[in-house]
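Following full-length UniProt numbering, the numbering of the sequence shown begins with 1 at its first residue and continues without gaps.
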Amino acid sequence: MLAGAVAEPRDEPSSYTIPLDIVGLKPASPEPEIAGEPRVCGVDGVFAGSCFRLTGGGVSIGRDPAACSVVFPVEIGEVSRRHCTLTFEESRRLFLLEDHGSSNGTYLPGGRRLEPGKRYELRSGERFSLSGSVHWFEVRE
């Protein structure tokens, strides 16, 4: 820049949205659902109305976009950076849910808190929540 010149102000966006494909989110909706396709759907909380396919190794849920495929906003502090993982066992048609030592826990209906590091079997239609009773998900196929 020349001496004495004044830089012109730029119209910079104050915030931006990260495209879903960059952070690894794979919504199954509004795409047509395929019968027998394993997915996890938000039924209450931040992801209510959103569904995610369980592809490959399944989905990890938390606030860390580098480690999770379903990423909560940073300001949702009750959800841990790497909260839990959900996989699908094709041969038995079962979902396997594992808590990763989250601060506020992963729960089954009735308030049963998952023991960290242990895999819990879920069948299609069953639900679980993160950090109590706010963020509910349902597994479906």
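The beta-carbon is built from N, C-alpha and C at its ideal position, and this holds for glycine as well.
In this text the structure is predicted, and so the values were computed from the model without any measurement.
Helix, strand or coil for Phe-72 per DSSP? In the sequence shown, residue 72 corresponds to position 72, counting from 1. It is coil, neither helix nor strand.
Is the segment 43-51 touching the segment 93-100, taking contact as three or more C-beta pairs under 8 Å? In short, these stretches do not touch, since the Cβ pair count stays below three.
Arg-82 vs Ala-67 beta-carbon contact at 8 Å: Counted from its first residue, the sequence shown places residue 82 at position 82. Counted from its first residue, the sequence shown places residue 67 at position 67. For Arg-82 and Ala-67, yes; Cβs fall inside 8 Å.
CB-CB under 7 Å to Phe-88, same chain, minus the five flanking residues each way: which ones, in chain order? Taking the first residue of the sequence shown as position 1, residue 88 is located at position 88. Result list for Phe-88: Pro-38, Leu-54, Gly-58 and Phe-95, in chain order.
So, is Arg-63 buried or exposed, given that buried needs 16 or more other C-beta atoms within 10 angstroms? As a first step, residue 63 must be located in the sequence shown, where it is residue number 63. Its Cβ being crowded by 16 or more others within 10 Å, Arg-63 is buried.
Where Glu-89 sits in the DSSP three-state scheme: On the sequence shown, residue 89 is found 89 positions in, with the first residue counted as 1. Assigned with DSSP and collapsed to three states, Glu-89 falls in strand.
Return helix, strand or coil for His-100, following the three-state DSSP convention. Translated into positions along the sequence shown, residue 100 becomes position 100. Coil, per DSSP.
Taking 8 Å as the CB-CB cut-off, is Cys-84 touching chain C? The chain inventory of the structure shown lacks chain C, comprising one protein chain alone.
With burial defined as no fewer than 16 other Cβ atoms inside 10 Å of the residue's Cβ, what is the status of Ser-91: buried or exposed? Translated into positions along the sequence shown, residue 91 becomes position 91. The residue is exposed, with fewer than 16 neighbouring Cβ atoms inside 10 Å.
Within its chain, find whatever has a CB closer than 6 Å to the CB of Ser-80; leave out the 5 residues flanking it on each side and keep chain order. What you label residue 80 is simply residue 80 of the sequence shown in a count that begins at 1. If we look at Ser-80 and ignore the five residues flanking it on each side, its Cβ neighbours are Gly-62, Ser-102 and Ser-103.
Alpha carbon to alpha carbon, how far is Pro-116 from Thr-106? Your numbering for residue 116 matches position 116 in the sequence shown. Your numbering for residue 106 matches position 106 in the sequence shown. Between Pro-116 and Thr-106, the C-alpha separation is close to 9 Å.
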